[in-house]
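Numbering (this note's numbering), first residue to last: 607 to 832.
Written out as structure tokens, the structure reads:
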């Protein structure tokens, strides 16, 4: 019931604020907020993550408002704290609802965490196997430690977060008419996007190689035991 209420609240919020939830409005709002902009921005990111709302607009806005460096830091911190909130809600408050919502995916997550530990969480951050917000709740029902979950989430969300944050920064530069560095920044954004798209393939190859190595070791152990 708790998580169902959260989901409904997210749907209502998305409908009610559908015209306000864009980069330009968020940038204007941040300028008006002054020194409170950072705190309010991260609180908004936590709420968005917990309410099953898409975080793409906020990530782009983080780059437009705070720049590529600080924007990445605030985006990462906000998304990680939001992921932590969802994780804790699932583990201690709404486990039954999450189990029903995740369905077969939950068994896959539990099996993946049991077999690979933090590496499975890392893989899911680089190549989402389910919606990000649902994953945050579902991981709360696995045996992974909260500290490991947070560290891995923060580290392995960095590539995609930095890329999207930088794209938000480039978009702001383009709209402001600063053409001097626009081509360079656009090329950097395209390069980052290409690298992010390729990262999952690298990680998949690593997982396969690791699985083959483990299988060979197990086979050698069985042969030696005979």
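Where a beta carbon is used, it is the ideal one built from N, C-alpha and C, also for glycine.
Only a predicted model underlies this, so the values are computations on that prediction, with no experimental measurement involved.
Report the residue from the options whose alpha carbon sits nearest the alpha carbon of residue i.
i	options	result
residue 647	684, 698, 657, 747	684
residue 601	638, 717, 680, 741	Residue 601 falls outside the range modelled here, since the chain spans only 607 to 832, and no answer is possible.
residue 768	717, 667, 754	667
residue 756	687, 703, 701, 749	687
residue 762	729, 746, 671, 719	729
residue 722	707, 754, 691	754
residue 737	752, 707, 642, 811	707
residue 752	717, 779, 692	692
residue 694	747, 679, 713	747
residue 643	700, 653, 672	672
residue 765	725, 713, 801	801
residue 759	681, 635, 716, 641	681
For residue i, name the three-state secondary structure that DSSP assigns.
i	result
residue 749	coil
residue 736	coil
residue 709	coil
residue 741	helix
residue 715	helix
residue 775	helix
residue 767	helix
residue 723	coil
residue 756	helix
residue 836	The structure shown does not extend to residue 836, since the chain is modelled only from 607 to 832, so the question has no answer here.
Residue i lies in the alpha helix (DSSP H); which residues open and close that run?
i	result
residue 647	643-656
residue 689	662-698
Taking the Cβ atom as the reference point for each residue, do residue i and residue j lie within a distance shorter than 8 Å?
i	j	result
residue 669	residue 661	no
residue 547	residue 711	Here the chain comprises residues numbered 607 to 832, so residue 547 is not present and cannot be evaluated.
residue 665	residue 774	yes
residue 727	residue 749	no
residue 739	residue 797	no
Apply the 10 Å Cβ neighbour rule to residue i and answer buried if 16 or more other Cβ atoms are within range, or exposed otherwise.
i	result
residue 733	exposed
residue 689	buried
residue 771	buried
residue 731	buried
residue 674	buried
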